[in-house]
Every structure is written in structure tokens, then in C-alpha cells.
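There are 2 protein chains.
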Amino acid sequence: MKSTPKGLRLHIGLFGRRNVGKSSLLNALTRQDVSIVSNVAGTTTDAVEKPMEMLPIGPVLFIDTAGIDDVGALGEMRVQKTQQVFDRADIGIIVTEVGVWGDFEEAIFAQLQERKTPFIVVFNKTDLGAPDATHIARLDQLDVPWVAAAAEKGEGVLDLREALIRTVPDEFINPPSILGDLVPSGEMAVLVVPIDMEAPKGRLILPQVQSIRDILDNDAYCMVVKERELRDALDRLKRPPALVVTDSQAFLKVGGDTPNDINMTSFSILFARFKGDLVEYVRGTMAIENLQPGDRVLIAESCAHHPIGEDIGRVKLPRWLQQYVGGKLEFVHVQGHDFPDDLSSFSLAINCGSCMWNRREVLSRIVKCQQAGVPTSNYGLTIAYSLGIFERALKPFPAAMDAYRELGGSGPIIG
Amino acid sequence: MKSTPKGLRLHIGLFGRRNVGKSSLLNALTRQDVSIVSNVAGTTTDAVEKPMEMLPIGPVLFIDTAGIDDVGALGEMRVQKTQQVFDRADIGIIVTEVGVWGDFEEAIFAQLQERKTPFIVVFNKTDLGAPDATHIARLDQLDVPWVAAAAEKGEGVLDLREALIRTVPDEFINPPSILGDLVPSGEMAVLVVPIDMEAPKGRLILPQVQSIRDILDNDAYCMVVKERELRDALDRLKRPPALVVTDSQAFLKVGGDTPNDINMTSFSILFARFKGDLVEYVRGTMAIENLQPGDRVLIAESCAHHPIGEDIGRVKLPRWLQQYVGGKLEFVHVQGHDFPDDLSSFSLAINCGSCMWNRREVLSRIVKCQQAGVPTSNYGLTIAYSLGIFERALKPFPAAMDAYRELGGSGPIIG
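In C-alpha cells:
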């Protein structure tokens, strides 16, 4: 975390009067004690820079400012520093209290609009009253996202997270690499690409092409092989590869043919991280343990392809999951950009590999599920869990392994 | 050639009255003496089946029939056999003589139309007179391709070849495999994929993806590597690969890093064969030897992408070709489906890799160039020739090597 240079972090400017709860909002967002929280106005004595990992966006730099309305010699300095924050913020959060919006907030609002800095308005302390309707209407008209929160109670924090995902510029929401950290420069990966009925004639599917390109972009190289030829291909190498990546459908065969000391995972798990939030998916996947026959499971597919014979989302995944659960589940399928508003009836929501969604869309879905208290997973993780190969497939990802261990995971390893 | 099973050959039924010149037409098309040519009516005593390689379409089976109008006991048998040919022909050629179209030809015409068999009408012996204008108008209206020929003099043969290219069903004009014969099942290829400015972000270009897929479809596997990591990648193998394929732009570096006993070629040369006619391209490329400073060279690009910095068709290829010729050439660029009607001013026409054209279009262009007497080549072959790596890059292709040797080729080999 500390290794990300400051310049590459998303800079989030936190603007607002003294004592509107900026620090407690930041704490709630990051679940860490970052700055001293106090109800005496002006406790924060300087612009506090806090580099942190805000999952799932990644490395951010929160700049928690003192109020511009501050007075006195110390206040002067604060105001100057706050002004500098405008120059540096990639996005802004205006924190205000219900009923106190005035010239001060208007000034920040105007400043951010003029600089074309995307921003969010947070009405904090809603436990003391609701935000003004005229005000809300104006924000909606200007397309400025707003959130009602009671940060100290943790209320509205998921809404703010969702608003952040919507607001963060593309270059920060998209991770730089699919597997650059797993296959170092000069190293080699083996990509296992089964050719089944779903593979379009003469083509490779997008996650495979993107993975090959990503490997080349990182000055590494790869072997591309079907599952049947994998053993021969590995035998042909003088040194083992840094990583074996397989299509989830060939997990067991590839797990069997790949020596245990070689890292192995799936395209779908790589894309859980690249297009979504691997740690959250791991937590969600482990809820499979609690699934009961008859439970409702949502399956969301990004492409609206016509389902064919052994379709993964319609046939294989449901079969493997039901075998694990030991009884029939009720599956509901949605396609494309459709996603149910009411998720409350589902015990699990499973996304596909998400090649046709951008990361912003996938992260929004994950937060929607969190808000509804529904665990989320994706195809690769659900299949890995159902087939008993979960722990091995997560081994290359330390943060995911930590989440797995925290939840008491100790699944079987298939060699 | 003989190894192609009869069932996989394009069956071309040759229909027509006795002595209209079917056999001499066949000879002219294939440049071989297939059947006895005589001006005594009815020399051909049976449906003559001739399996042959009709470049560039590939393995064909000509079925040269006796006339349906034949009389007598022997004639009866001939008529019966001719009828069977209708059941077997993938396409038909009705051969007639100027001025003799009648009930007989109408019967064949109707039969082929009813069966929805695509066919071409050839008016042969045009040295004896021109085909009837009303007749021609009717064929044009029905969208039936027709050709005026004087087969014994070789006239109209290229027109017939072009009409055949337009008429042949897709499955016969498209070769089954890009490199299936070069990388046998269980074997391995190394694909060298430079990542330059032209490579679209997060993608591979189409010939690379199609080649990977083709290798997997043939139960082989491949290594994908940038030119810089090629040496390391080859060192990592216990056994050398069956083939190294490189982007033409990295020819010299890859030629240097690939041991001489390993076959090496380029994507562009593979696609010269897959999307065009490698043998004809080899002949055309060797005309570079006769290019003089000031000559006009046509460069045809299938995709209308915006030319960028070191664009291959605009910058690199012209530079290398001019260095070889030793002086300035006049380049004319066309894009997409544009192709000049008048080719007479060009000394050479060079096609790109042709990923966005189908084979039918490329073959039509080659015949158009042949008709105008303009040599044709493609990017990969021109670059290989200009860089002195032509012979090495052709070594994997016996038919191309034969054409090269026939024209006295003995270029340098760069190791």
C-alpha cells in the first residue's frame, strides 16, 4: 500500500465547515481512525493527508481540510492550505450539515464547478433532520450526486461509496493491469483456453485476449494451450511458469495437471479483481456455505448471447453449485444492464466474467448488493468454491487469502 | 494434391454440346493436358473426372461431360452420366459457342437454376463472332456471370478465373486452416507480437488472434512473446518449436534470434496464403528486382485506419522498398474496398495483411492485376524481400519455394 507513489493515488478533497463531521465521515469510509474526532469546532488544525487503500477503488489520498470560514492567524494559514487542495483534488466531497448550507458552501460549490472537478455533496448528521427539498432538487437538476448520511452511526456510508464509484474518473477506477503483479517482467504464464461450442469461430474471448496483451505489456510472455495439451506444454519447459490461468470450466483437469508448487487461478478470478472487487467477492462466495436448498440465487450475465447447450451460466454453474449445496436452488437470470431493484429475496448474487461491463458498473452492483445485505460472487469464484478448489485458486492473491482466513476458510486443496 | 479426398474437392460440372471446346477450356484453366482435344464432335467418350489443383482455389474436381444431345447406344449412356453430374456439381460451367444457344442450353440452364447450383456461362470461340446482345442482357438481368472466351488462344481465361472466384461457395474459397499444416497436432509455435503504437489498447490484432485460435483448433499450442523476450522464451524450451511466426516489422531481429534450423515466417505471409494466393504473390514479389526509381507502386490497405507515426504501409514499407530499389518510388495508397479500375500505370501492387477483406475479394484483386499485367505482392512478402529474408521466410511453404526457384531465386539467408 505504502509503495504507491502519492501522484498515482486518487486525491479526494474533503471540504466543509468546522465540525460538520468530515473526520468521522472519513473514518466511516475507511473503517480506520485517521484523524481525531471531536465535537469542538476546528479540531483539525491542518490539511491532513492520509494515504490509504479504499477498497475497491484502490490507493487514495484523502485531504481532510480545515474550514475556509476559519478566523484568526492560525485560521488564515488553514484557509490558504484549503485553497491549495482545490488544485490537487481529482474529486471533491462537500460535507455539510442539514440546515446550514450558505455562502460558504456556495463558494466551494462554485469553485469546484468552475474547475470542472467532479464532486459529491454529503448532508451529514441526518439524525438531526432531513436535507432541504429545494436544495436537493437543484443538485439533481445540476446532476450533482448527493448523499444523506449519519457518519458516526455508519448510515449512508454505502451510499457515499456508490456515489464515489460513479464519480471517480476512469483512470482511477480502472486498475492498471490484469496480472502484471503475478507475472513479473521476463517471466512466463500459461493460459489454458478450452475451445468449446461457446468460443466464436476463429476468435478468442475477450478476457483471454486482454490477458495475453496485458502479459506482453508487462514485458512477460505466455503459452496458450488447450487443457488437453497442458501437461505436454508444461513438460516442454525447463523452468516452471510463474502462473497458470485456466478457464473456470477446466478447473479440475488443470488443477490436476499443474504441479502444486505452481500458482494457478482462473481468468474469471483475475477479472473479479480487474472488473470488480475480489475481496468482497471472496466474502460473498463464502456465503455459499450457508445456502439451503430452495434459496434464490441471482445470476447476472453481461452479454445477451443466446444460451447454448452446455452454457456456463445456465447449465454448468447451477449444476456444480447445486451439487455442493446438496439440493435444488431457484435461479433467476438477468442479462446486459438489467439488475433487479429489489434484491432482498436473494441469498446470493453471481456476476459473470463481466467482459462487457466496465468496472464502474460492476462496483455499483456490488455496493447495491451490500446495501441489500446480499452476498456477491462471480462465476469463477463460485465454480472454484463448488469444485473444492477455492483456496488454491486464491493463493496468488494475498488480500483475498486474508479475507478467506478471516472468515475461517480452510477448504480442501485439490492437487 | 492427390491426398485431398474427393468429397472435399470443389466439384465443377462442365456442361455443353459436343465440340464447343469444353476440353480446351479445361486445359487452358489448368494449364495441363487433361483430356484429348479434337475438333471431331464427341471425342470425349465418358464423363472425365479430373482431380487437380486449380490455384488459388485449391483442390477441385472437374467433371467434363459429354453432350446431353448425343445419340445412339453410346450416347444414351453418356446422357445418363451427364444427368448424374448435376447431382454432384458444387458449381456449373455451361460452355456454348457463339450463335448456337438453343433448347439444349436452355435445358441445362433451367436444371441448374432449379437446383440452385451457382453457374457461369462461357461463350467460347469468340474469334468466330461475338455473343448475342439480347442473350447477354438476359444473363445480366438474372445475375448469371458470363464470360467471352477463345480458349484455344488462351483468351478470356483470366475472366473465367475471376468469375469462378466470384461464384465458388464460401466453404471452398476459404482454406480450412491458417497454419494447421505447419504446426502439427501436439506441436508448438512461437508467435512474436511486437506491441507498438498501432496495437489497439488491451487488444491483439486480428491475424494474431486468428492464428492463436487456429493453432488451438489443430490441437497444437503456442507461445506468445514480444521480440525482446523471444530469445529467453526459446531458451526456456527443452525442444525447439515447429515454427516461429513474427510480425513483419520485427523480421530482422526475430530472424537473428531464431536458430537457422527452426522454420520462421511472418503473419503476413501466412495470410498471403490464407487470404490470397501465396504462389502468385511470390511471383509478383520477385518483380521487385526489376523496379526502377520513379516507378509507380500501388499500396492497398483493407482497413481505413488513420495513419499514425511509424505506419507500416505509409512509412516503413516504402522506406525499406526504396532502400532496396536504391531510389524514390511513387506510391499511391488506396483504402477499404477502393481499387483502381486502370492498373496499367503501376509496376507493382501491394496488398496489406487483408484482415478486413474476405479471400474472394483478395483473389479478385489478384486476377485483376494479372489481367492488367501488374505483379502483386503483400506487405509481408515485400518486406521480407526488401530486407533480404525472403527465402528463409518462404522455406515452410514448398509450393512457394518451387515458384521462387523457377524464377531463379536464390536470395541471401539471414541467420
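As they're listed, the protein sequences go chains A and B.
FYI, the UniProt record's numbering numbers position 401 of the first sequence as 401, with every residue one higher than the one before it.
FYI, the UniProt record's numbering numbers position 265 of the second sequence as 265, with every residue one higher than the one before it.
No residue lacks a Cβ here, since even glycine has one placed at the ideal position from N, Cα and C.
In this text the structure is predicted, and so the values were computed from the model without any measurement.
When you compare the CB of residue i with every CB in chain B, is at least one pair closer than 8 Å?
| i | result |
| --- | --- |
| Val224/A | yes |
| Leu234/A | no |
| residue 422/A | The question about residue 422/A has no answer here: the residues shown for chain A are numbered 1 through 415. |
| Gln249/A | no |
| Leu204/A | yes |
| Asp132/A | no |
| Gln32/A | Residue placement at Gln32/A is poorly supported in this model, since its pLDDT is 49, which falls under 50; the coordinates still yield a value, given next. Closer than 8 Å: no. |
| Gly353/A | no |
Under 8 Å by Cβ, that's how I've got residue i and residue j pegged, so tell me the actual separation to the nearest angstrom.
| i | j | result |
| --- | --- | --- |
| Phe172/A | Ile57/A | 7 Å |
| Ile178/B | Asp214/B | 4 Å |
| His11/B | Ile93/B | Their Cβ separation, rounded to whole angstroms, is 11 Å, which puts His11/B and Ile93/B out of contact at 8 Å. |
| Leu25/A | Val122/A | 6 Å |
| Leu29/B | Leu112/B | Contact flag wrong, Cβ pair sits at about 19 Å. |
| Lys125/A | Gly16/A | Actually they are not in contact, since the Cβ atoms of Lys125/A and Gly16/A sit about 11 Å apart, beyond 8 Å. |
| Gly327/A | Pro293/A | 3 Å |
Verify whether the separation of the beta carbon atoms of residue i and residue j is less than 8 Å.
| i | j | result |
| --- | --- | --- |
| Met264/A | Arg392/A | yes |
| Ile165/A | Leu191/A | no |
| Leu243/B | Pro398/B | no |
| Val95/B | Pro131/B | no |
| Leu206/B | Val245/B | no |
| Arg231/B | Asp247/B | no |
| Val279/B | Leu55/B | yes |
| Met356/B | Ser302/B | yes |
| Tyr379/A | Leu394/A | no |
| Gln208/B | Val193/B | yes |
| Leu237/A | Leu237/B | yes |
| Ala89/B | Thr117/B | yes |
On the DSSP letters alone, give me the boundaries of the alpha helix (DSSP H) that residue i sits inside.
| i | result |
| --- | --- |
| Gly92/B | Careful: Gly92/B lies outside any alpha helix (DSSP H), inside the beta strand (DSSP E) at Ile91 to Glu97. |
| Met54/A | Run containing Met54/A: none in the alpha helix (DSSP H); it sits in the beta strand (DSSP E), Val48 to Met54. |
| Leu191/A | Note, Leu191/A: premise wrong, no alpha helix (DSSP H); beta strand (DSSP E) at Met188 to Val192. |
| Asn27/B | Lys22 to Thr30 |
| Met401/B | Pro398 to Glu406 |
| Pro145/B | Counting along the chain, Pro145/B falls outside any alpha helix (DSSP H), and DSSP gives it neither H nor E. |
| Phe62/A | No alpha helix (DSSP H) holds Phe62/A; the beta strand (DSSP E) holding it covers Gly58 to Asp64. |
| Phe251/A | Phe251 to Asp257 |
So, does the CB of residue i fall closer than 8 Å to a CB anywhere in chain A?
| i | result |
| --- | --- |
| Glu229/B | yes |
| Met356/B | no |
| Asn19/B | no |
| Ile312/B | no |
| Val193/B | yes |
| Gln210/B | yes |
| Asp257/B | no |
| Phe271/B | no |
| Asp181/B | no |
| residue 448/B | Here chain B covers residues 1 to 415 and nothing more, so residue 448/B does not appear. |
| Tyr221/B | yes |
| Leu237/B | yes |
| Ile213/B | Sequence inspection shows Arg at residue 213/B; the Ile mentioned does not correspond to that position. At least one chain A Cβ lies under 8 Å of Arg213/B. |
| Asp170/B | no |
| Gly186/B | yes |
Within a Cβ cutoff of 7 Å, which residues of the same chain sit near residue i, ignoring the five residues on either side of it in sequence?
| i | result |
| --- | --- |
| Ala163/A | Ile120, Pro145 and Val147 |
| Arg296/B | Glu330, Val332, Ser345, Phe346 and Ser347 |
Nearer than 7 Å: is that true of the beta carbon of residue i relative to any heavy atom of the ligand ADP?
| i | result |
| --- | --- |
| Pro207/B | With respect to the ligand ADP, the structure offers nothing, as it holds no ligand at all. |
Please return the same chain residues whose Cβ sits closer than 6 Å to the Cβ of residue i, not counting the five positions on each side in sequence.
| i | result |
| --- | --- |
| Lys253/B | Glu227 |
| Asp127/A | Ala150 |
| Leu74/A | With a pLDDT of only 49 at Leu74/A, under the threshold of 50, the placement of this residue in the model should not be trusted, and no figure is reported. |
| Thr45/B | Because Thr45/B carries a pLDDT of 48, less than 50, the predicted location of this residue cannot be relied on, and the following value inherits that uncertainty. If we look at Thr45/B and ignore the five residues flanking it on each side, it has no Cβ neighbours. |
With residue i as the anchor, note down where its beta strand (DSSP E) starts and where it stops.
| i | result |
| --- | --- |
| Asn263/A | First-last for Asn263/A: undefined, no H or E at that position. |
| Phe15/A | Leu10 to Gly16 |
| Thr376/B | Thr376 to Asn378 |
| Glu330/B | Glu330 to Gln335 |
| Glu301/A | Arg296 to Glu301 |
| Thr246/A | Leu243 to Thr246 |
| Arg349/A | Note that residue 349/A is Ala in the sequence shown, not Arg. Looking at the DSSP string, the run of the beta strand (DSSP E) that includes Ala349/A is Leu348 to Asn351. |
Quick one: what's got a C-beta closer than 8 Å to residue i's C-beta in the same chain, skipping five residues either side?
| i | result |
| --- | --- |
| Trp101/B | Asp132 and His135 |
| Phe339/A | Ala300, Arg365 and Lys368 |
| Gly154/B | Ala28 |
| Ile414/B | The predicted model places Ile414/B with a pLDDT of 42, which falls under 50 and marks its position as unreliable; any figure quoted below should be read in that light. For Ile414/B, where only same-chain residues beyond five positions count, the Cβ hits under 8 Å are Leu252, Gly255, Gly256, Leu387, Gly388, Ile389 and Arg392. |
Compare the C-beta of residue i against all C-beta atoms of chain E and say whether one is closer than 8 Å.
| i | result |
| --- | --- |
| Arg319/B | Annotation note: the requested chain E is absent from the structure, which comprises protein chains A and B. |
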